[in-house]
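In this note's numbering, the protein residues as written are 36 to 657.
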Ligand code: ADP
Ligand code: ZN
């Protein structure tokens, strides 16, 4: 036991306060390092459970744990969540009135809190140092630590003051830095600027296996968006746009179509921003259309999709924004609607911004390079997850099976006739003593009347125009395939030309060839039922599955009602994951209720009555 009367066992605390049976990857190591008083830097993806990594030590250590966090809404959310778990916490930021501030300070001095969240702008305040003189501050946590680096995507000047702040505390605390996005360069900055001492480093990898990544290049972005949102009716989603004007336009058009969508950007009044954000967080409006001003510090765990209407300017921003989906661990979609204009818009933003903020040449070049990486992600056909994780310095497998590139369905198509036409065209050219590259060969097959073709009298070839009913893209794909299979050969050098390959004779004698071509995806096939995908559910008969869905809906309604009464977001009462577990386990008494993942002792006391009654009522109705 410590002076707070809490047992010093991390697993006991995990169950008792948070209701979880097992630690997730990395959590135990981080907690152990903190308890051993070692500085640390933890790179853990969004939704990995970083908060518990310092909240559990905060319960075990004597004194007050200080958490520096960049945004006000996040603090409020965290503090509400802690209260719902029976943990004393508060925050200090600019949203407090003078008397609220003084009150919080006094209570902190009296040792009433386990955790105090502070905005970085408040750090130079003498009060905090006074607190540390009267009670121990064993640990300072820096959340979103990448904000300390100018090379990251969300640099905050006030973060540079943190090291100074720590030095002025009565005794040096353990310093623990957390972030979900950091390239190696940003990682170095964090260690240097926060002056981490002999730190423990842990990276659990950036992968978020519950997220599905998709890139689409639609002709009509708006119609595509509308369909995507309609397919996800009732689910919570964020739509990111590049500009305020886009936000206004899209939000209005979606609302006109009867979709409950709100809007958020820096041009709105404080009051409207606040109201709209709450409408979204409290599930009164399931969809929010926003610029990137929205989201930092938003801890809404049941966001089921994030659609980017425009491509962001780098992969870090994209991953951070898209990563706001699926924090509760449920399956969620991250969809990017790409168009080539997005690249142009970003380029001009980077160069214009550079002028306004007097950035160095280096900085601009860095930003343009980051944009290039983002563009690759959006345009290259290989595994999206692989590309993203490689960018963050990992070595992921080349196939993930959970992105639009990996999941594109392929059909095996017979291309024997096309192959024969292409190869004989190369033969005919060779007979005339001519050799050309892929583009020219394709033009001849398509029968295009180009000046060069006419001049060289290639339009008199028997193979001229024999594929005029095909298209350029397909012919190029087939040529590449034939080259790979040895029916064609490409010379090296700066201007490679096509030649018949070793296997070309076999083809002209009638050997058949096939290739795999992408098929339009059938959306119905990619949707898995909610319960069947969950290991806890085991193999389940369809009847039980339907019952579970009905019960889930019922519990969600109960949760909304309670949330309204208490004036807190529904996901703070229980996550969807906890409700789903309730549906599967269907507890009959408080003891069984405690066995549900996400139910700790305080929540059990507070909510078991209402939920057990609902589950009981459901049981007798089926
Ligand atoms: P992060 O800050 O890393 O994005 P959070 O700390 O918000 O993630 O945690 C994401 C979700 O995962 C929360 O709903 C949290 O309660 C849940 N969670 C954290 N640790 C565990 C665990 N060991 N078992 C089950 N759920 C957990
Ligand atoms: Zn993939």
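Every residue, glycine too, gets a C-beta built ideally from N, C-alpha and C. Computed from a predicted structure; not experimentally measured.
- Sequence-distant Cβ neighbours of residue 73 in its own chain, meaning closer than 8 Å and more than five residues away, are 209, 233, 234 and 235.
- When secondary structure is reduced to three states using DSSP, residue 249 falls in the strand class.
- Here DSSP, grouped into helix, strand and coil, assigns residue 209 to strand.
- Assigned with DSSP and collapsed to three states, residue 550 falls in strand.
- Taking all protein chains in view, the Cβ of residue 406 is crowded by 16 or more other Cβ atoms within 10 Å, so the residue is classified as buried.
- Take the alpha-carbon of residue 308 and the one of residue 274: they are about 16 Å apart.
- Judged by the Cβ position, residue 81 qualifies as a neighbour of ligand 1 at the 8 Å threshold, a heavy atom of the ligand being closer than this.
- In this structure residue 219 is exposed. Its beta-carbon is surrounded by fewer than 16 other beta-carbon atoms within 10 angstroms.
- In the structure shown, the three-state DSSP call for residue 508 is helix.
- Using a Cβ distance threshold of 9 Å, residue 76 and residue 226 count as a contacting pair.
- Residue 188 carries a coil assignment under DSSP once its states are collapsed to helix, strand and coil.
- The beta carbon of residue 328 lies closer than 6 Å to those of 300 and 301 in the same chain, with the five residues before and after it left out.
- By DSSP's assignment, residue 126 forms a beta bridge with 152.
- In the DSSP assignment, the residues bridged to residue 238 are 78.
- Unbroken beta strand (DSSP E) stretches of 3 residues or longer found wholly inside the stretch 424–449: 444–449, given in chain order.
- Taking the Cβ atoms as the reference, residue 603 lies roughly 11 Å from residue 594, outside the contact range of under 8 Å.
- Those residues that bring their Cβ nearer than 5 Å to a heavy atom of ligand 2 are 418, 420, 435, 438 and 441.
- Remark: fewer than three beta-carbon pairs, one from each stretch, lie closer than 8 Å, so the stretch 49–61 and the stretch 124–144 are not flagged as touching.
- DSSP, read as helix, strand or coil, puts residue 298 in strand.
- One Cα belongs to residue 171, the other to residue 60, and the distance between them is close to 30 Å.
- In the DSSP assignment, residue 625 falls within the unbroken alpha helix (DSSP H) covering 625–629.
- Distance from the CA atom of residue 367 to the CA atom of residue 579, rounded to whole angstroms, is 24 Å.
- For residue 256, the closest of 342, 401 and 549 by C-alpha to C-alpha distance is 342.
- In the displayed model, residue 214 falls within a strand according to three-state DSSP.
- Taking a C-beta distance under 9 Å as the contact criterion, residue 613 and residue 634 qualify as a contact pair.
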